[in-house]
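**Student:** Numbering (numbering that gives the first Met the number 0), first residue to last: 0 to 399.
Cβ atoms here follow ideal geometry from the backbone N, Cα and C, with glycine treated the same way.
Quick one: the structure is below, questions incoming.
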Amino acid sequence: MPKLILTNVRPWGREPVDLIIADGVIEQVVAASTAPSREDAPEAERVDGGGMLALPGFVNTHAHVDKSWWGQPWVSYGGEPTTQGRIAHERAERDKYGIPSVDSTVAVLREFLRHGTTAVRTHVDVDLGVGLRGIEVTRQAAAALGDAIEIEFVAFPQDGVIRRPGVLGLLDRAAAEGAANIGGLDPASIDRNPVAQLDGLFDIAGRHGVGIDVHLHDGGSLGLFQYELIIDLVRRTGLRGKINISHGFALGDVPDGQRDALLDGLQEAGMSWTTVAPVGSRPLPWRQLRERGIPVGLGTDGIRDLWSPYGDGDILRVAQNFARLHGIRTDEEIAYAVELATSRAAGFVHQDQHDLVAGARGDVVLLDAENVQDALMRTPRRELVVAAGRVVARAGEVLI
0 MPKLILTNVR PWGREPVDLI IADGVIEQVV AASTAPSRED APEAERVDGG GMLALPGFVN
60 THAHVDKSWW GQPWVSYGGE PTTQGRIAHE RAERDKYGIP SVDSTVAVLR EFLRHGTTAV
120 RTHVDVDLGV GLRGIEVTRQ AAAALGDAIE IEFVAFPQDG VIRRPGVLGL LDRAAAEGAA
180 NIGGLDPASI DRNPVAQLDG LFDIAGRHGV GIDVHLHDGG SLGLFQYELI IDLVRRTGLR
240 GKINISHGFA LGDVPDGQRD ALLDGLQEAG MSWTTVAPVG SRPLPWRQLR ERGIPVGLGT
300 DGIRDLWSPY GDGDILRVAQ NFARLHGIRT DEEIAYAVEL ATSRAAGFVH QDQHDLVAGA
360 RGDVVLLDAE NVQDALMRTP RRELVVAAGR VVARAGEVLI
């Protein structure tokens, strides 16, 4: 792959530098105006960054790219406003709209790219109706974009596990065929058999060496009970560092005394946590998570799908929602919210590092902003998006 030399950019708002990217990886970060000239590197593509703010590509740690009807005519929202009601509505309607489809998944991934997202951890439905087709659809969609977006798969049992005989077998197949993670869903309130669901998931994960990512919407004492079951299973199976909790609303409900013990258990188990920072939800103990070194990721959830008409694919806006929800105002904490959407999310997509440093994947986003804080407050247009050393978007328009 030819070199890309990105000149005069300000990583994280600091002093201007030149970025030299080769073979999809940041090769060097040098002082501004010191990169090889056109005469010295005639084969390299050169882009003048104009002194703009540079950030690493955004990382969406909780998406559902296979569910969307993006690119189709507007679909009016329907179904009962409960988890079970939305599951039933989606199952009844998805075939009518051709979900999952390569075209709609490509459309969603293009929106992600337009907003600067270059890596996605996506939950893809695995059930008796669709089988593993959603995983293949998503792989084809990513390939259609030249793998500009790195995809981390979670094989997700949206319709339950134990209550749908055969789903554990599908999850086993997905893990055997390369899915990096298998998912779970409200083991108590959906399957009404939390021990059986979690035992099944941990068995598959242990045999195939994959991670587990559990949607846990249940709040209060029911949610706390399931957290405790998961932590106990980690202790007994040794799957430390392999478990993520998505949503995990009970963290906002648990009394302070119990919360500290729960957070200590999460830390001991090496667990991580992802949130979509939903409007109206309870603030969560992000400072205590940070103090304990528990990884936190931000995601869009589904966008324009049969669950909800909302969402535009902009992770920077999700970071802003996270900051507003939690009353974040200081410069240091604002920068932390942006780090959650970028450099601190590396582990969620199996990257060792995800930053504007030598050795990292060549993912760069340029914004016309004074600094990181200004960028989060205004969520301005992404002026340039580079994915693995390739310019994929300019002035808010996708080029591939």
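DSSP has Thr6 in a bridge; who is on the other side?
**Tutor:** For this step, residue 6 is matched to residue 7 along the sequence shown. The partner list for Thr6 (beta bridge, DSSP) reads Asp47.
**Student:** What residue from Gly292, Ala118, Val371, Ile181 has the CA that sits closest to Glu338's CA?
**Tutor:** Here the question's residue 338 lines up with position 339 in the sequence shown. Out of Gly292, Ala118, Val371, Ile181, Val371 has the C-alpha closest to the C-alpha of Glu338.
**Student:** Return the CA-CA distance between Gly240 and Gly346, expressed in angstroms with no decimal places.
**Tutor:** By 1-based counting over the sequence shown, the position of residue 240 is 241. By 1-based counting over the sequence shown, the position of residue 346 is 347. If you take the alpha carbons of Gly240 and Gly346, they lie about 10 Å apart.
**Student:** Tell me whether Val101 sits in a helix, a strand or coil according to DSSP, three-state version.
**Tutor:** Mapped onto the sequence shown, residue 101 falls at position 102. DSSP places Val101 in helix when its eight states are reduced to three.
**Student:** Terminal residues of the continuous alpha helix (DSSP H) containing Asp252?
**Tutor:** Position 253 of the sequence shown, counted from the first residue, corresponds to residue 252. Run containing Asp252: none; DSSP gives neither H nor E here.
**Student:** Rounded to the nearest angstrom, how far is the Cβ of Phe201 from that of Leu238, given a contact under 8 Å?
**Tutor:** In the sequence shown, residue 201 corresponds to position 202, counting from 1. In the sequence shown, residue 238 corresponds to position 239, counting from 1. Sure, about 7 Å apart at Cβ, within 8 Å.
**Student:** Return the first residue and the last residue of the beta strand (DSSP E) that Val390 is part of.
**Tutor:** Start at 1 with the first residue of the sequence shown, and residue 390 comes out as number 391. Looking at the DSSP string, the run of the beta strand (DSSP E) that includes Val390 is 389-393.
**Student:** Give me the Cβ distance between Ile148 and Leu108, rounded to the nearest whole Å; I'm assuming they're in contact under 8 Å.
**Tutor:** Mapped onto the sequence shown, residue 148 falls at position 149. Mapped onto the sequence shown, residue 108 falls at position 109. That pair is a contact at about 5 Å.
**Student:** Please confirm whether Gly56 and Val390 have their CB atoms less than 7 Å apart.
**Tutor:** One-based indexing of the sequence shown puts residue 56 at position 57. One-based indexing of the sequence shown puts residue 390 at position 391. Not a contact, by the Cβ cut-off of 7 Å.
**Student:** What three-state label does DSSP hand Thr274 in the structure shown?
**Tutor:** Numbered from its first residue, the sequence shown carries residue 274 at position 275. Residue state, collapsed to three classes: strand.
**Student:** Taking the straight line between their C-alpha atoms, what separation do you get for Arg393 and Leu383?
**Tutor:** The count along the sequence shown starts at 1 and reaches residue 393 at position 394. The count along the sequence shown starts at 1 and reaches residue 383 at position 384. Using only the alpha carbons, I get a separation of about 5 Å.
**Student:** Here's the rule: buried if 16 or more other CB atoms are within 10 angstroms of the residue's CB, otherwise exposed. What is Gly165?
**Tutor:** The residue labelled residue 165 in the question sits at position 166 within the sequence shown. Exposed: under 16 other Cβ atoms inside 10 Å.
**Student:** Can you tell me where the beta strand (DSSP E) with Phe347 in it begins and where it stops?
**Tutor:** As a first step, residue 347 must be located in the sequence shown, where it is residue number 348. No beta strand (DSSP E) contains Phe347, which DSSP labels as neither H nor E.
**Student:** Thinking C-beta only, is Ala62 closer than 7 Å to Val119?
**Tutor:** One-based indexing of the sequence shown puts residue 119 at position 120. One-based indexing of the sequence shown puts residue 62 at position 63. In this structure, Ala62 lies closer than 7 Å to Val119 by Cβ.
**Student:** Which partner residues of Asn243 appear in the DSSP bridge assignment?
**Tutor:** In the sequence shown, residue 243 corresponds to position 244, counting from 1. According to DSSP, Asn243 bridges with Asp212, Ser271.
**Student:** Residues in the same chain with beta-carbon distance under 6 Å from Lys66, minus the five sequence neighbours each way, listed in chain order, please.
**Tutor:** Within the sequence shown, the letter at position 67 stands for residue 66. The answer, listed in chain order, is Gly301, Asp304.
**Student:** Buried or exposed: where does Val385 fall if 16 or more other Cβ atoms within 10 Å of its Cβ makes it buried?
**Tutor:** As a first step, residue 385 must be located in the sequence shown, where it is residue number 386. The residue in question, Val385, is buried, as its Cβ has 16 or more Cβ neighbours within 10 Å.
**Student:** Among Ala53, Leu375, Thr299, which residue has its Cα nearest to the Cα of Val64?
**Tutor:** Reading the sequence shown from its first residue, position 65 is the one you call residue 64. With distances taken between Cα atoms, Val64 lies closest to Thr299.
**Student:** Return the CA-CA distance between Ile399 and Asp313, expressed in angstroms with no decimal places.
**Tutor:** As a first step, residue 399 must be located in the sequence shown, where it is residue number 400. As a first step, residue 313 must be located in the sequence shown, where it is residue number 314. So the two alpha carbons sit approximately 18 Å from each other.
**Student:** My understanding is that Leu315 touches Ala374, with C-beta atoms under 8 Å, so please give their C-beta distance in whole angstroms.
**Tutor:** The count along the sequence shown starts at 1 and reaches residue 315 at position 316. The count along the sequence shown starts at 1 and reaches residue 374 at position 375. Between Ala374 and Leu315 the Cβ distance is about 7 Å, and since that is below 8 Å, they are a contact.
**Student:** Taking Val136 as part of the alpha helix (DSSP H), name the residues at either end of that continuous run.
**Tutor:** On the sequence shown, residue 136 is found 137 positions in, with the first residue counted as 1. Element bounds for Val136: 132-143.
**Student:** Can Asp202 be considered in contact with the ligand FAD, in the sense that its beta carbon sits closer than 6 Å to one or more heavy atoms?
**Tutor:** Ligands are entirely absent from the displayed structure, and the ligand FAD is therefore not among its contents.
**Student:** Since Gly70 and Asp102 are thought to touch, with beta carbons under 8 Å apart, how far apart are those beta carbons, to the nearest angstrom?
**Tutor:** What you label residue 70 is simply residue 71 of the sequence shown in a count that begins at 1. What you label residue 102 is simply residue 103 of the sequence shown in a count that begins at 1. So it is a contact: roughly 6 Å between Cβ atoms.
**Student:** Given this structure, state the Cα-to-Cα distance separating Tyr96 from Trp68, to the nearest angstrom.
**Tutor:** Reading the sequence shown from its first residue, position 97 is the one you call residue 96. Reading the sequence shown from its first residue, position 69 is the one you call residue 68. For Tyr96 and Trp68, the distance between alpha carbons rounds to 7 Å.
**Student:** Tell me Val385's beta-bridge partners as DSSP assigns them.
**Tutor:** Counting from one through the sequence shown, the residue named residue 385 turns up at place 386. DSSP, once it has assigned bridges, lists Val363, Val390 as partnering Val385.
**Student:** Please classify Gly199 as buried or exposed, where buried requires at least 16 other C-beta atoms within 10 Å of its C-beta.
**Tutor:** As a first step, residue 199 must be located in the sequence shown, where it is residue number 200. Looking at its Cβ environment, which holds 16 or more other Cβ atoms inside 10 Å, Gly199 is buried.
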